[in-house]
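A.B. asks: Submitted below is the structure of interest, expressed as structure tokens.
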């Protein structure tokens with residue numbers, strides 16, 4: 327059995343069986359390494375060497391957690407939640423219908439902005455979602471719907487808009503690796519190439535909002551009140567300092583290209599202003615790091631898991647085995663390449679990391695099958711993006727869970743991973759195949 331299939335299969339089975347994701351990743355890596363002939367020592371060595379690849383991301387999330395706690399202490403997110411709650415109370419006779427759409431729209435816009443306009447990725451989730459949970463619960467909004475809305479905003483913008491994280495994914499990774507593999511991409515409009523696959527994501531979002539999760543779902547308000555204060559003191563000064571800290575963190579992140587330094591600078595502004603007392607600094611740091619630590623541990627484990635898959639050398643074997651079934655058929659070839667991309671990305675948990683792995687093998691195969699440069703870019707880009715939604719180890723699923731599960735009423739696998747997999751990976755697979763056929 328191919329080591330990649332074995333590793334990913336074990337990881338997914340354990341995750342779906344409610345085994346913790348970190349344990350599932352470690353066991354999956356061990357199975358993959360042993361199946362791939364590495365031996366226990368080589369497998370552990372590869373896993374340990376890969377852990378460092380996730381350390382920077384983990385530290386970034388930890389500091390962003392501390393920054394998020396400081397922002398919450400300023401009352402900024404709660405000011406927004408209080409206004410939303412007041413609107414719900416005024417519209418109790420109508421069920422707060424307009425507020426429901428306002429909140430869904432707000433989370434959708436902020437998630438999109440976090441990729442292109444204000445590239446902070448999932449850092450907004452622990453700031454905004456927990457204070458809004460009380461309102462969302464009073465409206466009886468299904469949290470699976472919110473997970474789908476946020477995940478759409480975390481994935482789709484970087485797939486199609488070459489700004490912010492989109493610039494990194496589309497220009498610096500996708501086009502660069504396709505070009506490196508020998509294809510002339512000078513005439514390729516990357517937005518055009520990825521537009522049809524992105525439409526599959528839009529279809530999945532509409533399906534989730536208007537069909538799958540449109541019904542009300544009841545959650546326990548008391549559990550939210552135990553972990554999230556419904557009322558927090560704030561005033562114009564604390565809100566102004568919060569805006570200043572956020573702006574400073576954003577500017578420093580852009581100037582120094584360091585999320586760590588940006589979050590630290592924002593936290594120091596809160597400390598200097600007195601919103602965060604110096605004697606409270608240790609406690610707030612600890613609280614913030616606890617809030618984001620699980621994401622960090624999973625990302626570190628996922629990095630080790632990915633290193634084991636690479637060390638086996640069987641990612642290439644999996645792709646080449648799929649190629650043997652193609653027999654010069656573009657339709658079959660595109661479908662198999664997208665399925666392989668889905669399998670690999672679910673295991674690695676990052677489309678950014680998957681594209682370089684797949685491009686080196688897919689691009690020559692695409693050229694041999696006669697695909698146009700535009701179609702090649704589309705196939706590689708879609709194959710990389712497939713699985714980022716729906717992977718237990720992806721920050722695009724871990725982020726929504728971190729905000730929606732603060733009261734223990736939102737399961738990572740069944741309430742985030744499975745819904746996003748069904749609503750986004752399947753339409754994206756179909757749209758990516760269609761694009762490869764017509765471009």
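Numbering (my numbering), first residue to last: 327 to 765. Even glycine gets a Cβ: it sits at the ideal position worked out from N, Cα and C.
#1: Would you kindly work out how many angstroms separate the C-alpha atoms of residue 556 and residue 345, rounded to a whole number?
#2: Suppose you measure from the CA of residue 405 to the CA of residue 483; what does that come to, to the nearest Å?
#3: Can we say the segment 659 to 671 touches the segment 688 to 697, given the rule of at least three CB pairs closer than 8 angstroms?
#4: Is the beta carbon of residue 635 less than 8 angstroms from the beta carbon of residue 348?
#5: If you draw a straight line from the C-alpha of residue 430 to the C-alpha of residue 472, how long is it?
#6: Fully enclosed by the segment 650 to 688, which alpha helix (DSSP H) runs are 4 residues long or longer?
#7: Where do the ends of the alpha helix (DSSP H) carrying residue 374 lie?
#8: In three-state DSSP terms, what is residue 772?
#9: If I follow the unbroken alpha helix (DSSP H) through residue 480, where does it start and stop?
#10: Using three-state DSSP, classify residue 556 as helix, strand or coil.
#11: Within 10 Å of its beta-carbon, does residue 759 have 16 or more other beta-carbons around it, so buried, or fewer, so exposed?
#12: Can you tell which of 439, 746, 437 and 646 has the C-alpha that lies nearest to the C-alpha of residue 534?
#13: Which of the three DSSP states is assigned to residue 749 in this structure?
#14: Going straight from the alpha carbon of residue 460 to that of residue 546, what length do you get?
#15: Could you check the C-alpha separation between residue 548 and residue 466 for me, to the nearest Å?
#16: Assign residue 737 to one of three DSSP states: helix, strand, or coil.
#17: Beta carbon of residue 684, beta carbon of residue 710: below 8 angstroms?
#18: Going by other Cβ atoms of all chains shown within 10 Å of its Cβ, with 16 needed for buried, is residue 399 buried or exposed?
#19: By a C-beta neighbour count over all protein chains shown, 10 Å radius and 16 as the cutoff for buried, is residue 732 buried or exposed?
#20: Report the CB separation of residue 729 from residue 451 in whole angstroms; it is logged as a contact under 8 angstroms.
#21: Measure from the alpha carbon of residue 715 to the alpha carbon of each residue in 678, 699 and 705, then state which is nearest.
#22: Considering Cα atoms alone, identify which of 501, 351, 509 and 456 is closest to residue 697.
#23: I need the DSSP call for residue 697, collapsed to helix, strand or coil.
#24: With a threshold of 7 angstroms on Cβ separation, who are the neighbours of residue 765 within its own chain once the five nearest residues in sequence on each side are excluded?
#25: Comparing alpha-carbon positions, which option in 581, 627, 395 and 646 lies nearest residue 612?
#26: Using the three-state DSSP reduction, which class does residue 532 fall into: helix, strand or coil?
#27: Using C-beta distances below 6 angstroms, list every residue in its chain close to residue 530, excluding the 5 sequence neighbours before and after it, in chain order.
#28: Where residue 638 and residue 358 are concerned, what is the direct C-alpha to C-alpha distance, given to the nearest angstrom?
#29: Could you spell out where the alpha helix (DSSP H) holding residue 268 opens and where it closes?
#30: Once the 5 residues before and after residue 725 are set aside, which same chain residues still bring their CB inside 6 angstroms of it?
C.D. replies: The relevant details are as follows:
#1: With a pLDDT of 49 at residue 556, under the threshold of 50, the predicted position of this residue should be treated as unreliable, and no value is reported.
#2: Between the C-alpha atoms of residue 405 and residue 483 there is a straight-line separation of about 28 angstroms.
#3: In this structure the segment 659 to 671 touches the segment 688 to 697; the number of beta carbon pairs closer than 8 angstroms is three or more.
#4: No.
#5: Spanning the two alpha carbons is a distance of roughly 7 angstroms.
#6: Entirely contained in the segment 650 to 688, the alpha helix (DSSP H) runs reaching 4 residues are, in chain order, 656 to 674.
#7: That run of the alpha helix (DSSP H) goes 365 to 377.
#8: Residue 772 lies beyond the residue range present for the chain, which begins at 327 and ends at 765; the question has no answer from this structure.
#9: Residues 469 to 486.
#10: Only weak support exists for where residue 556 lies, its pLDDT of 49 falling under 50; the value from the coordinates is given anyway. In the structure shown, residue 556 adopts coil according to DSSP, grouped into three states.
#11: By the Cβ neighbour-count rule, residue 759 is buried, with 16 or more other Cβ atoms within 10 Å of its own.
#12: Closest by alpha carbon: 746.
#13: Residue 749: helix per DSSP, three-state reduction.
#14: Residue 460 and residue 546: Cα-Cα distance of roughly 10 angstroms.
#15: For residue 548 and residue 466, the distance between alpha carbons rounds to 14 angstroms.
#16: Here residue 737 sits in coil by DSSP.
#17: Yes. Within cutoff.
#18: Buried, since its Cβ has 16 or more Cβ neighbours within 10 Å.
#19: Buried is the call here.
#20: So it is a contact: roughly 4 angstroms between Cβ atoms.
#21: Cα-wise, what sits closest to residue 715 is 678.
#22: Relative to the Cα of residue 697, the nearest Cα in the group 501, 351, 509 and 456 belongs to 509.
#23: In the structure shown, residue 697 sits in coil (DSSP, three-state: anything other than H, G, I, E or B).
#24: Within the same chain, residue 765 has close Cβ partners 519, 698, 700, 701 and 704.
#25: Scanning 581, 627, 395 and 646 for the CA closest to the CA of residue 612 turns up 395.
#26: Residue 532: helix per DSSP, three-state reduction.
#27: Result list for residue 530: 749, 750 and 753, in chain order.
#28: In this structure, the CA atom of residue 638 is about 8 angstroms from the CA atom of residue 358.
#29: With the chain covering only 327 through 765, there is no way to say anything about residue 268.
#30: Once the five neighbours on either side are set aside, the close Cβ partners of residue 725 are 448 and 451.
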